[in-house]
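Below: the structure, in structure tokens.
There are 2 protein chains.
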Amino acid sequence: MVTITFLPDKKQVKVDKGTDLLTAAIKAGIHIYNSCGGEGVCGRCKIIIKKGQFTTEYSGKLSEKERKKGYVIACRTIPESDLEVFIPENSRLADIEILTGKARQNRLVGLYTPLEEIVEQPMERPGYKFFRYSPLATKIFLKLPKPSSEDRRSDIERLFQEIRNVKNPPVMQMGLANIKKLPSLLRQSNWEITATLGNRNGTTEVVIIEPGDTTNVNFGVALDIGTTTIVAYLVDLNTQSVLAAKACYNPQVDFGEDVITRIIYAEKEEGLERLHHAVIDAVNTLIHNLAKQTNITLDDITSVVSAGNTTMTHLLLKIEPTFIRRSPYVPVIGSVPVIRAAEAGIKIHPRGLLACLPCIGSYIGGDIVAGILASGMDDIKEPALFIDLGTNGEVVIGNRDYYIATSTSAGPCFEGGGLSSGVRAVKGAIQSASIKNGKLVFETIGGYPPSGICGSGAIDAISALFENKIIDRSGKINPGTNSKIRIKEIDGVRAIVLVEAQDSGTGQEIIIDENDIKNVIHSKGAIYTGIETILKESGYAMSDLRYIYIAGGLGTSLNIRSAINIGLLPDLPVERFRFVGNTSIEGALECLLSGEAMERANSISSRMVYLDLSDNPFFMNNYSASLFLPHTELGLFPSVKEWLNSR
Amino acid sequence: MVTITFLPDKKQVKVDKGTDLLTAAIKAGIHIYNSCGGEGVCGRCKIIIKKGQFTTEYSGKLSEKERKKGYVIACRTIPESDLEVFIPENSRLADIEILTGKARQNRLVGLYTPLEEIVEQPMERPGYKFFRYSPLATKIFLKLPKPSSEDRRSDIERLFQEIRNVKNPPVMQMGLANIKKLPSLLRQSNWEITATLGNRNGTTEVVIIEPGDTTNVNFGVALDIGTTTIVAYLVDLNTQSVLAAKACYNPQVDFGEDVITRIIYAEKEEGLERLHHAVIDAVNTLIHNLAKQTNITLDDITSVVSAGNTTMTHLLLKIEPTFIRRSPYVPVIGSVPVIRAAEAGIKIHPRGLLACLPCIGSYIGGDIVAGILASGMDDIKEPALFIDLGTNGEVVIGNRDYYIATSTSAGPCFEGGGLSSGVRAVKGAIQSASIKNGKLVFETIGGYPPSGICGSGAIDAISALFENKIIDRSGKINPGTNSKIRIKEIDGVRAIVLVEAQDSGTGQEIIIDENDIKNVIHSKGAIYTGIETILKESGYAMSDLRYIYIAGGLGTSLNIRSAINIGLLPDLPVERFRFVGNTSIEGALECLLSGEAMERANSISSRMVYLDLSDNPFFMNNYSASLFLPHTELGLFPSVKEWLNSR
């Protein structure tokens, strides 16, 4: 056994000599980026050995300079003695600060304001609908008539009939555990109790019974279980407001960055167990911290609604995901029955409920259904397009009657992954860029010193560099076109220095190199061609699209013009685009607050078909044509063609 | 510690010196009669000390002769040394042999024959209805279409849609445990599986999933949980036939003979726990033995339906029964949700279901609802009467529109309790009696040597003795009226010797004494006055009653004429009476085989009102008038009056 000390945390862990340092870090509770699940392929788990003996495999993933500084790839490095290891900020999966403002909260509250009161409010999204308030779990206070010689109904009948006076569900259920509690509870509380009613698969369950009036204490959690990020909202189910929001990286990244790597990991012994526990631990930590911050107890939380892609939903419920990645790509679950949250290991009230947004197929999940729901796309007559600029790059075309959806495997670019200086949309991330007077100028999230570049920043930067001829239509960097922008070569690859080391928040240069640009072009090409493919399937023309909803975690805003310039988005009037942010969590929130929203989500899922691109000849033929800025066929981007010709 | 050896079993048990012998016997697994829960009141736990030192309290419960023979009351006797104790057959709660014949089985099967096929069969009971076959748990074999690139439905959707092709339930449910099993099960079984569908409170649950076709193996258990006796039928849910039947004494009698004593016991520390375990152990033993006899495994049993009175139903489910005996006498449950049998501790398939017949109130339970259902009383237009000649003596009046029910606390006479030589309706019990040529002649159950007298035998014997002037209208024995019938006096109480010791199966005289006759008169008086009271409430006259259904465990047959003679049953034409036997188990069986029957049971319970006799002035005033043979008012029994006047 050797002792590994991780700096700067000074966390120590004892491991066998044969244990690689990625595994050791996981054991110490430190999360390090790694896309490949510790296979030595992605090279993202860079760490610096400060002290001690070790053996390592050097791969092409480290530059000569990095090697000299003591960098190694954690998953390929084995200790020979006690070690001191430094984990650079860039290799670390840190906690995420969620950006929620008063305005955002107010809008969410507004969602459920009765229709009469909201007519004055501007409709933020076309087709945006208000659902009837009917939370997954409702509390009602009941003063039961006391039994007498004239009224000898049983305790349960007395309770059920009183509930039916308030709300008359077709089927009412109550578990044996609650029935057993009933006689003493009713009498000790002088027949005044609070019943928590749960919407369970079309029936109403008396989920919890408590003495006295506790109706003012009823909280729910909305979850967005992303492949990379987990977001949780704590919601007051009475006032319908989001009291607090928290997010963290999905600790499953320890076992691989994308869903396929995780499914493969799940097939190993105890793999599914570990992946399930990783996400559940993270969810429980988020909920615990939300409860602590708002000074409520876990028992006050009666319900959870989760939106996640199909693999994430399987792993949350500990359902074997194997067949998602095996032809013909069939998931175990689509619509998921409402269960007790405790059955999945989620710690709220022990009898509280968990509902999951329905998944359409292996590669279109509950997050996309939540997106269609929360965007309001389901309410409009005209054809519209929904794009989730995440790793899977889902695109959906349709109107309120039907949907065609596909998943383009865009890669992690738009979430800051796959870029040399990429970061997620966190404080200090460059989220917009332009060139003014030949000089690059930036805005960072929160105005902090730049720490890297996130998705929207990368799109903006590439667009600006392309407009200024610093990169050409194939994505190559032209050196010497502009003296105020520094271009360097690293290991034979040209790179544009966006921020010098001394100006950066991390003390390291922020760059964008030709490989980064190639990655972005591949990603945008996949999404654009995906859109073309489902458009053809639908019979509509691009110009028929009335609205284009853009969801995703690529930043707090997206410059639509830049996205059109690089050929990511179709060349349509800017006013047709709506940047709708994280619609996954918003859809979950709507379903938490409204059974009508959940019914709508199920209805959306029943009207959606999935088109598989992997064997689609149209997609194959058109994809390579898209690998230019903005596209090989300039006729598809008339507004870009115009300024290209005019400059 | 001392060692107690129980003879003739030779069972040994070590107990502390302060432990009474009733407790010691229970510890040794030997069940001894005791009505009072070991309070020294009933004097039924007579045993004989063969060897060793002890202290005992003699009460009036033992005759001088018994004392001389070494009899003691077990609950009042404390060992001083190791003891050898003999337990006489009469004090022992033995196993019960259930009388089921081919004919009975055939009729039960016939119940569910489609209507076209049964028109030729005689209707055994007025209004007898055939319910549609739809068991609590049905198995269906499904060949699911295999997934392909044209059919990418999720596993659960594929399963649900295939089930919907066979049967289309409004709400379909499936637990997480089964969902988790689904992917491997479907693929390992080449998409050919058997699903067990359960009727759960108006929804359909996929209760069990198994590979291949197991539809030919689907069994259920019908239970009658009586205060004294538990009866279980093992039912082939495919052929709808009863494969085997078993019964045992309810081991809760260790804690008291009637429901009130048991409720009081349940209020002690661990009392409810013990009562619950006693009944569950007995049920599990019965089911185990039924499975063994028919060579099936417990996992082949998918469902259980239980009928029992309100207290028995509470104890089965381990629900606090306290408030049943406290004014205003309100039970916890009326209609009981379907639960997993395992939740109550019943060992069948771990996911198998348990349904209980609904209870009306504290003193009218699921056994009576089962009785109304199984008798067919619910199908007829004209008013009818249902009488359960058990300890509680429930009577119900009504037709298919509404019911008035009451409980008369008749006592245990009609089940052989409270009689000097009383036995339950077991092999060798005298079940009918008459006087021919001045001599008493009997029939015993199964034709075995007489072991005692059961309810129907006692009614017959008293009627015959009354007709022959050996007992008078007040129930007193007239000595010297008949030289062929021996009358003796025991401790100043006159007794008629029905069977001499040498002719008896037990080697002991079988007698009926004036106390026995008084007990029977009190019992029949309570029932008759109960009938009068609810009749008055209903507005009907006695002669309006089109049918009188008599249920209970008092024998395999009941001589209606004798029951009228003693004033138990109203004086109506004999053809209006139907002796329907144990309708509790038959009602449970019907509900096991038919959801329609269960719906009917719930509907019956919703149309039934309970009349409490304890504060009813009409009952009070009329009860004392009924304490004659047949009644003070002879005008109520014209046919009896006629032969009384003519003899």
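So the sequences go chain by chain: Y and L.
The numbers in the first sequence follow this note's numbering, run straight up by one, and end at 647.
The numbers in the second sequence follow this note's numbering, run straight up by one, and end at 647.
Every residue, glycine too, gets a C-beta built ideally from N, C-alpha and C.
Just verifying my parser: in three-state terms, what is the DSSP assignment at residue i?
i: Val171 (chain L); result: coil
i: Ile118 (chain Y); result: At Ile118 (chain Y) the pLDDT is 25, less than 50, meaning the model places this residue with poor confidence and gives no usable figure here.
i: Lys27 (chain L); result: helix
i: Cys42 (chain L); result: coil
i: Thr229 (chain L); result: strand
i: Thr261 (chain Y); result: helix
i: Met377 (chain L); result: helix
i: Gln53 (chain L); result: coil
i: Val15 (chain L); result: strand
i: Ala103 (chain L); result: The predicted model places Ala103 (chain L) with a pLDDT of 26, which falls under 50 and marks its position as unreliable; any figure quoted below should be read in that light. Looking at Ala103 (chain L) - three-state DSSP - the assignment turns out to be helix.
i: Glu267 (chain L); result: coil
i: Glu64 (chain L); result: helix
Counting only beta-carbon atoms, is residue i nearer than 9 angstroms to chain L?
i: Thr203 (chain Y); result: yes
i: Ile339 (chain Y); result: yes
i: Ile179 (chain Y); result: yes
i: Pro654 (chain Y); result: Chain Y is shown from 1 up to 647; residue 654 (chain Y) falls before or after that span and cannot be answered.
i: Ser327 (chain Y); result: yes
i: Ala541 (chain Y); result: no
i: Gly587 (chain Y); result: no
i: Ile156 (chain Y); result: yes
i: Ile346 (chain Y); result: no
i: Asp615 (chain Y); result: yes
Provide the residue span of the beta strand (DSSP E) that contains residue i, from first to last.
i: Cys248 (chain L); result: 241-249
i: Asn199 (chain L); result: 192-200
i: Arg494 (chain L); result: 493-499
Taking the alpha carbon of residue i as the reference point, which residue from the options has its own alpha carbon closest?
i: Ile230 (chain Y); options: Y:Thr261, Y:Thr294, Y:Val305; result: Y:Val305
i: Glu590 (chain Y); options: Y:Ser91, Y:Ile372, Y:Leu62; result: Y:Ile372
i: Thr311 (chain L); options: L:Ile260, L:Asn621, L:Asn616; result: L:Ile260
i: Glu192 (chain Y); options: Y:Ser562, Y:Ala374, Y:Pro479, Y:Ile209; result: Y:Ile209
i: Ala307 (chain Y); options: Y:Asp258, Y:Leu272, Y:Ala291, Y:Ile225; result: Y:Ile225
i: Ile348 (chain Y); options: Y:Gly428, Y:Asn218, Y:Pro211, Y:Gly365; result: Y:Asn218
i: Val640 (chain Y); options: Y:Phe466, Y:Phe414, Y:Ile360; result: Y:Phe466
i: Thr391 (chain L); options: L:Thr583, L:Met608, L:Asn309, L:Asn201; result: L:Asn309
i: Phe131 (chain Y); options: Y:Pro630, Y:Ala625, Y:Val609, Y:Ala601; result: Y:Ala601
i: Asp544 (chain Y); options: Y:His276, Y:Gly595, Y:Pro617, Y:Ile397; result: Y:Ile397
Determine whether the beta carbon atoms of residue i and residue j lie at a separation below 9 angstroms.
i: Val338 (chain L); j: Leu136 (chain L); result: yes
i: Ala25 (chain L); j: Phe6 (chain L); result: yes
i: Lys180 (chain Y); j: Lys318 (chain L); result: yes
i: Leu354 (chain Y); j: Ala344 (chain Y); result: yes
i: Ile435 (chain Y); j: Ala464 (chain Y); result: yes
i: Pro350 (chain L); j: Asp299 (chain L); result: yes
i: Thr529 (chain Y); j: Thr444 (chain Y); result: no
Which two residues bound the contiguous alpha helix (DSSP H) that contains residue i?
i: Cys591 (chain L); result: 583-593
i: Leu182 (chain Y); result: 176-188
i: Ile404 (chain L); result: Where Ile404 (chain L) is concerned, there is no enclosing alpha helix (DSSP H), although the beta strand (DSSP E) it sits in stretches over 403-407.
Report yes or no: is there a C-beta of chain Y within less than 9 angstroms of the C-beta of residue i?
i: Arg152 (chain L); result: yes
i: Gln173 (chain L); result: yes
i: Tyr610 (chain L); result: yes
i: Lys102 (chain L); result: Its pLDDT being 28, under 50, Lys102 (chain L) is placed unreliably by the model, and the measurement read from it follows with that caveat. Taking Cβ atoms only, chain Y never reaches closer than 9 angstroms to Lys102 (chain L), which makes this a no.
i: Ile260 (chain L); result: no
i: Lys318 (chain L); result: yes
i: Glu599 (chain L); result: no
i: Val304 (chain L); result: no
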